[in-house]
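Input: a single structure, listed below in C-alpha cells.
Protein chains: 2
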Amino acid sequence: MADPALIAVDWGTTALRGALLAADGTVLAEHAAPRGLLSVPPGGWGAAFEAEFGAWLAAHPGLVCLMAGMVGSRQGWAEAAYCRCPAGLADVAAQLCWVQPGRVAIVPGLCCEADGVPDVMRGEETQVFGALQALGLQVATLVLPGTHSKWVQVQGGRISHFSTHMTGECYALLRSQSILARMLPADDGAWVPEAFDAGVARAFDAGGLLHHLFSVRSLALFGRDDGPALASRLSGLLIGEELRAQALPAGAPVAVLGSPALAGRYQRALAQRGHPVTAVQADAGWMGLLAVARAAGLLAAPGPAEADALPAGTLRP
Amino acid sequence: MADPALIAVDWGTTALRGALLAADGTVLAEHAAPRGLLSVPPGGWGAAFEAEFGAWLAAHPGLVCLMAGMVGSRQGWAEAAYCRCPAGLADVAAQLCWVQPGRVAIVPGLCCEADGVPDVMRGEETQVFGALQALGLQVATLVLPGTHSKWVQVQGGRISHFSTHMTGECYALLRSQSILARMLPADDGAWVPEAFDAGVARAFDAGGLLHHLFSVRSLALFGRDDGPALASRLSGLLIGEELRAQALPAGAPVAVLGSPALAGRYQRALAQRGHPVTAVQADAGWMGLLAVARAAGLLAAPGPAEADALPAGTLRP
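From first to last, the protein sequence lines stand for chains A and B.
For the first sequence, the residue numbers in this note's numbering are 1 to 317.
For the second sequence, the residue numbers in this note's numbering are 1001 to 1317.
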C-alpha cells in the first residue's frame, strides 16, 4: 500500500466525508458521517474532528488535514476569508485558514463580483481544481449542479468568474410546496425524457420562467400530460432557464461535475442545445484538495518505495 | 335608493364577496364571507349559496345573480367551460353556465394558447371588462398582480391574449421557505423603496432570475443590506423579472388592477422602466359583471324613477 500523504475532508452543512489519500490520489481509506455544520455545537468543532479523524492522525503522525466546504463559513469551525477571483491553486494555497497550526487547515471559499453584486462558493472550488487536473484543462466552462448550482469560468488555470443559481432549491420548493405540487406524484416516479426535453426547450421561448412554470398547471388542467411527465417538465423548465441565462456561445463545450443522476439531466439539456459535454466524477474534490496541498508544499514525503512511482510533475520534498 | 338590477358575486378559493348593484353600478349592499371553494362540501353549493345570498333574492324576485371566479372550476359549483380568446363581453355572455336556470349563472373563465401551451384565468376577465369600461379603452395592456399575476392584451375591446406568472406564489415560498428566509425579517417590516428599485433594475441585467435570487444571500453575507432592504429587493427581483418577460415596447402604457399595496409596487416598477401607468380600483369586478349581464340582456328593468337617470348607452329592456 502507498504511504498516506494527506487527509482530505469535505465538511458540509449536513454531513462530512473524509479520505486518506496517497500522493498519487489513490484513496487508501474513506470515512463518512451525518455530522454536518448543523449538528456540531458551538465550541465543539475540535472534539468533533478528533472523534471523526483523530485515529487517522494518530496512526500517521505528521500528516496534514485539509478541509473544504461550509466548515469554513461563519457558522463553521472558523471563518475562512473568501479568496477573490481570479483565483487558482497558488492563491487558495496562500490563504489556508489553519485551525490547528501545521495539522488542520480549511481551504478558503471564493468570492467574485459582477455589477456590484457579490457571489460566493465554499467547497466547489476544490472540485473544480480537481476536475481541471483530471481533464488537463487550463480554459473551461464548468457547471456543478445542485441545490445551488455553480457555473464556473476558468482562464489560464484560474477561476476567473462564477455564478450561483438557486435551481435545485427552487425545484424542491415548487415540487413540494407550491400549487404545482397537486399536479405531481408524491415521488418523481417515472422519468419522462421527452417531457424534460420539452421543458428545456420551452425555457428558451419568450415568456419568462415565472410564466413557464404555470404551464405545469395549465397542461394538467387540460389533461395533456400526466404527473410524472409534468415533474420531468418542471425539472426541464428550471434547468433550461439556468442554461438559457448563461448565454453560452454556440457549440461551447461544458464540463459537468456532480452525482450521475443530476449531472445526467444537465448533460441531456446541454446536448439538446448543441454543447459538447464532458462528465467529471463527483470525487474530483479529493484530487482538488491534493492539488491545493501540493501547491502549499504540504504533501507528506513519500516513502522510498513509492517515490519512483510518483506521476511526473509531483512536487518532491 | 336606486332599484337593484343585479346580484354580483366573486366566489374564490378561500372567500366570497357579493354586491347588490343598481344598473348604473351603484353598490346598494355588500356581503362577504370566508366561505371559499375549499370550505364548501361536495353537493353543498346550492345550500351555501342560499345561506349567503338567499335573502337578497327573496327580497328582489326576478333578479339574476352572476358569479365569477373559481366557483366555475372543476372543484366548484359547476365547471364552466373556458371561453377561448379572443373573447369580449358578447362571447362571455353567450357562454354563461346556468346553475339555476334564469336565476344564478357562472361567468366562464378564459383560455388561450401560445406555442402549444395553454393558459387559463377565472375571475380576472370580469375585472378586465370592468376596467375597460371605467377607462373607456378598446386597446390596452393590463396587469392584475397577485399570487398568479395575469398580463392581459386587449384589442378591439376583446381580450386577445394573456399570460399567467407565478410571481406572488414564488415570492411567498422564497420569502418563508427557502434559504433566503434566514436573511429576512419575520414580517416584511419597513418597506425600502431603493432596495426594491435595485431589485427591479437587477432583474433586467444578464444572469437570470435563479441567479439574481441568490444575491439576497450574498449581499447579506457581506453585510451590504439589512433584512428589510433584502425583503424589498427580493420583491423587486421577482416583479422586475415578470416585467422583463413582457418585452413591452418602450413607453407602452399599462393599466394596473389590484389592491393598492401590491399595485403600488407594480406601478413603481413600471414607472422605473418608463411606462405610463393607470391604476384601476380593485372593485372593477362589479363593473365587469354588470357589463356581462347587460351584454346578456339580463339586467332587471329599472323602475320608472331611475330610468331617466341611466347613463347613455345602457341597454334598456
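Virtual Cβ for every residue (Gly too), placed ideally from N, Cα, C.
The beta carbon of residue 1166 of chain B sits closer than 7 Å to some beta carbon of chain A.
Interface residue (Cβ-Cβ distance to chain B less than 7 Å): residue 177 of chain A is classified as such.
In the structure shown, residue 1133 of chain B adopts helical secondary structure according to DSSP, grouped into three states. In terms of Cβ geometry, residue 1202 of chain B and residue 1212 of chain B form a close pair [threshold 7 Å].
Checking the DSSP bridge columns, you'll see residue 1118 of chain B partnered with B/1113.
Around residue 83 of chain A, the same chain offers 91, 92, 95, 108 and 110 as residues with beta carbons nearer than 6 Å, after the five sequence neighbours per side are excluded.
Closest by C-alpha distance to residue 1145 of chain B, out of B/1157, B/1170, B/1133 and B/1160, is B/1170. As computed with DSSP, residue 1231 of chain B is found in no beta bridge at all. Distance from the CA of residue 280 of chain A to the CA of residue 104 of chain A, rounded to the nearest whole angstrom, comes to 28 Å.
Exposure of residue 1014 of chain B is indicated by the presence of fewer than 16 other C-beta atoms within 10 angstroms of its C-beta. The Cβ-Cβ distance between residue 97 of chain A and residue 78 of chain A falls below 7 Å.
Just measuring C-alpha positions, the residue of B/1174, B/1028, B/1173 and B/1134 sitting nearest residue 1157 of chain B is B/1134.
Inclusion of residue 214 of chain A and residue 1164 of chain B in the CB contact set at 7 Å is warranted, their separation being smaller than that value.
A distance below 7 Å separates the beta carbons of residue 1126 of chain B and residue 1288 of chain B.
Under the Cβ distance rule, residue 1146 of chain B does not count among the residues neighbouring chain A, no pair being separated by less than 7 Å.
For residue 1246 of chain B and residue 269 of chain A, the gap between their C-alpha atoms comes out near 25 Å. Comparing alpha carbon positions, the residue from B/1172, B/1295, B/1296 and B/1291 closest to residue 1129 of chain B is B/1291. Counting along the chain, the unbroken beta strand (DSSP E) around residue 1004 of chain B starts and ends at 1004 to 1011.
In the three-state scheme derived from DSSP, where H, G and I count as helix and E and B as strand, residue 1265 of chain B is classed as helix. In the structure shown, the three-state DSSP call for residue 1158 of chain B is strand. By DSSP's assignment, residue 151 of chain A forms a beta bridge with A/143 and A/163. With a minimum length of 3 residues, the unbroken runs of beta strand (DSSP E) contained wholly in the segment 1038 to 1077 of chain B fall at 1065 to 1068. Distance from the CA atom of residue 1017 of chain B to the CA atom of residue 278 of chain A, rounded to whole angstroms, is 58 Å. In the DSSP assignment, residue 1106 of chain B forms a beta bridge with B/1067 and B/1097. Within the same chain, Cβ atoms closer than 8 Å to the Cβ of residue 1251 of chain B are found at 1274, 1275 and 1276, the five residues on either side in sequence being excluded. Shown here, residue 184 of chain A sits in coil according to DSSP, grouped into three states, outside any helix or strand.
Per DSSP, the beta bridge partners of residue 17 of chain A are A/10 and A/32.
Considering only beta carbons, the part of the segment 1204 to 1234 of chain B lying closer than 9 Å to chain A consists of 1205, 1206, 1207, 1208, 1209, 1210, 1211, 1212, 1213, 1214, 1215, 1217, 1218, 1219, 1221, 1222 and 1224, in chain order. Distance from the CA atom of residue 1248 of chain B to the CA atom of residue 1254 of chain B, rounded to whole angstroms, is 9 Å. CA-to-CA, the gap between residue 1051 of chain B and residue 1076 of chain B works out to about 17 Å. The beta carbons of residue 219 of chain A and residue 131 of chain A sit no closer together than 7 Å.
Residue 206 of chain A and residue 71 of chain A have their C-alpha atoms spaced approximately 41 Å apart. CA-CA distance, residue 1242 of chain B to residue 37 of chain A, rounds to 36 Å. Rounded to the nearest angstrom, the gap between the Cα atoms of residue 1184 of chain B and residue 1176 of chain B is 9 Å.
When secondary structure is reduced to three states using DSSP, residue 1083 of chain B falls in the strand class.
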